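Protein chains: 2
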Amino acid sequence: MLDTNQWEVGTQRSYRYLKESKVSSEISELQEPTPYVQTSPASQSDAELEDLVQEIIGRVADKWTMLALDVLGEHGPLRFTRVRELMDGVSQKMLTKTLRQMEADGLVVRTVYPVIPPHVEYELTDMGLSLGEAFCGVWVWAAQHRERIRLARQAYQAR
Amino acid sequence: MLDTNQWEVGTQRSYRYLKESKVSSEISELQEPTPYVQTSPASQSDAELEDLVQEIIGRVADKWTMLALDVLGEHGPLRFTRVRELMDGVSQKMLTKTLRQMEADGLVVRTVYPVIPPHVEYELTDMGLSLGEAFCGVWVWAAQHRERIRLARQAYQAR
DNA sequence: CAGCATCCTTTTTGATACTG
DNA sequence: CAGTATCAAAAAGGATGCTG
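Residue numbers (the working numbering), protein chains in the order written: chain A, 39 to 197; chain B, 39 to 197.
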């Protein structure tokens, strides 16, 4: 069973990062944490919106989802088994679950060719693709900071 | 106990998104516990780098870590209880765990004022701050696509 | 206040076994 | 091939009590 609610936090987030929303790619400098004021058309739907954002992030901030996003983004349409090979480490169960969830969220399309043996292909939707691009910043960050993190952990251990 | 390894996937990722990042060029490394010899031009250190990136992403792609990142980024240095209030939903146990992990990774600094009653402040490091900024793209994406996701789920349900 | 320790429940994940 | 179903193990998380 695919739980639709991985986790939901009744939060009061106020993510300043949305202030000048220009979406992906430009992760260089956002400056001052301007106290949130920007409630243009949807005044009190803010709380709801933030909950949704939270939930979505929770959903996509998943190990396998991100891996699948990357693999599918990288290799175009793939068959189930091929995805599994490329994701290296995912169990069949988890892969099924992940892909189904992504499908339900509109991140991938699942195409079944009614042949024997079965042939099923998975491909990112444009939304899935754009999510991959949105994650770009995090990927770059991780790559850029891997060494500092390693050192920080080392220092923390030795403390 | 803080597990240092939330999950490790021996992957062969190839994230195209790093195409133009200079990223790996500047860190000449000292003692590397890995069997790989660090090849400077990032030729076959790719596999190792990608594993690390994977691990880091796995670490930061955590519900509470992201929330803490946001709250601390938004409100500057905060005391434990205040963070907990702002994160609304986190248990004391999880908050402690999350903050400790972030501290170990060099994302936050934990300052203890030896007074009675105890006074402990948490503040993002510059690295933590930059991670928050890196997540900007995902946040924006989530905000922008929340409706499409909701509709996609609806459609999937009714399918 | 800011935790740590302990117990217990819930979720998640892995390992098979089986099927159209 | 691409799954489903089931059982068992493990991890995550919550609740409570205690402490300097």
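The C-beta atom is built at its ideal place from N, Cα and C for all residues, glycine as well. A quick note: this is a predicted structure, and the numbers were derived from the prediction, not measured.
Neighbourhood of residue i by C-beta distance below 6 Å, restricted to the same chain and skipping five residues each side
{"i": "B:VAL178", "result": "none"}
{"i": "B:GLN195", "result": "none"}
{"i": "B:ALA106", "result": "THR136"}
{"i": "A:SER63", "result": "With a pLDDT of 32 at A:SER63, under the threshold of 50, the modelled position of that residue is not reliable, and the figure given next carries that caveat. No residues qualify anywhere along the chain."}
{"i": "B:MET125", "result": "LEU105 and VAL109"}
{"i": "B:HIS157", "result": "TYR151"}
{"i": "A:LEU68", "result": "In this prediction, A:LEU68 scores a pLDDT of 30, lower than 50, which makes its location untrustworthy; no coordinate-derived value is stated."}
{"i": "B:HIS183", "result": "none"}
Paired residues, beta bridge with residue i - DSSP
{"i": "A:VAL150", "result": "A:VAL158"}
{"i": "A:ARG117", "result": "A:GLU159"}
For residue i, the nearest candidate out of the options (CA to CA)
{"i": "A:LEU145", "options": "A:GLN92, A:VAL98 and A:GLN195", "result": "A:VAL98"}
{"i": "B:TRP102", "options": "A:ARG122, A:ALA190, A:GLY96 and A:LYS101", "result": "A:GLY96"}
{"i": "B:GLN192", "options": "A:MET125, A:MET132, A:ALA142 and A:VAL176", "result": "A:ALA142"}
{"i": "B:GLU171", "options": "B:GLU93, B:ASP89 and B:VAL109", "result": "B:VAL109"}
{"i": "B:LEU116", "options": "B:VAL91, B:VAL150, B:PRO155 and B:TYR194", "result": "B:VAL150"}
{"i": "A:LEU167", "options": "A:GLY127, A:ALA190, A:VAL128 and A:MET140", "result": "A:MET140"}
{"i": "A:TYR132", "options": "A:ASP100, A:VAL158, A:PRO155 and A:ARG148", "result": "Just to set this straight, residue 132 of chain A is Met in the shown sequence, not Tyr. Taking only the C-alpha atoms, the option nearest A:MET132 is A:ASP100."}
{"i": "B:ILE161", "options": "B:GLU93, B:VAL121, B:VAL91 and B:ASP89", "result": "In the sequence as displayed, the identity of residue 161 of chain B is Glu instead of Ile. B:GLU161 has its Cα closest to that of B:VAL121, out of B:GLU93, B:VAL121, B:VAL91 and B:ASP89."}
{"i": "A:PRO155", "options": "A:ALA180, A:SER129 and A:THR119", "result": "A:THR119"}
{"i": "A:GLU159", "options": "A:THR134, A:ILE94 and A:ARG186", "result": "A:THR134"}
{"i": "B:GLY127", "options": "A:HIS113, A:GLU123, A:ILE94 and A:ASP89", "result": "A:ASP89"}
Neighbourhood of residue i by C-beta, 7 Å cutoff - its chain only, sequence neighbours within 5 removed
{"i": "A:VAL61", "result": "With a pLDDT of 36 at A:VAL61, under the threshold of 50, the modelled position of that residue is not reliable, and no figure is offered here."}
{"i": "A:MET198", "result": "This structure cannot speak to residue 198 of chain A, because chain A is shown only from 39 to 197."}
{"i": "A:LEU169", "result": "VAL98, LEU107 and LEU145"}
{"i": "A:THR163", "result": "GLY144, LEU145, VAL146 and VAL147"}
Cutoff 8 Å; reference residue i; Cβ partners in own chain excluding five residues on either side
{"i": "B:MET104", "result": "VAL98 and PHE173"}
{"i": "A:GLY111", "result": "LEU162, GLY166, LEU167 and GLY170"}
Whole-Å CB distance - residue i paired with residue j, under 8 Å assumed
{"i": "A:ALA190", "j": "B:VAL91", "result": "So it is not a contact: roughly 16 Å between Cβ atoms."}
{"i": "B:ILE94", "j": "A:ILE94", "result": "Actually they are not in contact, since the Cβ atoms of B:ILE94 and A:ILE94 sit about 21 Å apart, beyond 8 Å."}
{"i": "B:GLY175", "j": "A:GLY175", "result": "4 Å"}
Quiz item: Residues in the stretch 154-174 of chain A with C-beta within 8 Å of chain B's C-beta atoms, listed in sequence order?
Solution: MET165, SER168, LEU169, GLY170, GLU171, ALA172, PHE173 and CYS174
Quiz item: Looking at chain A, which residues of the stretch 176-188 of chain B have a Cβ within less than 8 Å of any of its Cβ atoms?
Solution: VAL176, TRP177, VAL178, TRP179, ALA180, ALA181, GLN182, HIS183, ARG184, ARG186, ILE187 and ARG188
Quiz item: Going along the chain, which residues of the stretch 98-127 of chain A sit with their C-beta nearer than 8 Å to a C-beta in chain B?
Solution: VAL98, ALA99, ASP100, LYS101, MET104, LEU105, ASP108, VAL109, GLY111, GLU112, LEU124, MET125, ASP126 and GLY127
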